[in-house]
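What follows is a short report on a single structure.
Numbering (the numbering used here), first residue to last: 2 to 76.
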């Protein structure tokens, strides 16, 4: 997962401001009690950070892959 994909998932699930706050402030036990930001800065795979954040925030499995893209409109 790319960092840009990580941020898209964060924004889709939590909103921009709250999502950025969670990544900056929420300490994640699965990441050695680091915040998501600290883990990303230390080179942890964004996918592992996303999973740890989802686990900590009880995000249901069906929402962990992000929003489904809308099908194109039919004419």
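Yeah, the Cβ is synthetic: ideal placement off N, Cα and C, and Gly gets one too. Quick caveat: nothing in here was measured; it's all calculated off a predicted structure.
Using three-state DSSP, classify residue 38 as helix, strand or coil.
Here residue 38 refers to the residue found at position 37 when the chain shown is read from its first residue. Three-state result, residue 38: helix.
Give me the Cα-Cα distance between residue 21 and residue 7, rounded to the nearest whole angstrom.
Taking the first residue of the chain shown as 1, we reach residue 21 at position 20. Taking the first residue of the chain shown as 1, we reach residue 7 at position 6. Residue 21 and residue 7: Cα-Cα distance of roughly 11 Å.
C-alpha gap between residue 3 and residue 33, whole angstroms
Here residue 3 refers to the residue found at position 2 of the chain shown. Here residue 33 refers to the residue found at position 32 of the chain shown. Going from the Cα of residue 3 to the Cα of residue 33 covers about 21 Å.
Assuming residue 25 and residue 35 are in contact, meaning their beta carbons sit under 8 Å apart, how far apart are those beta carbons, in whole angstroms?
For the purposes of this step, residue 25 is taken as residue 24 along the chain shown, with counting starting at 1. For the purposes of this step, residue 35 is taken as residue 34 along the chain shown, with counting starting at 1. Not confirmed; about 11 Å, so no contact.
Drop a sphere of 10 angstroms on the beta-carbon of residue 62, count the other beta-carbons inside from all chains shown, and report buried for 16 or more, exposed for fewer.
Counted from its first residue, the chain shown places residue 62 at position 61. By the 10 Å Cβ count, residue 62 comes out exposed.
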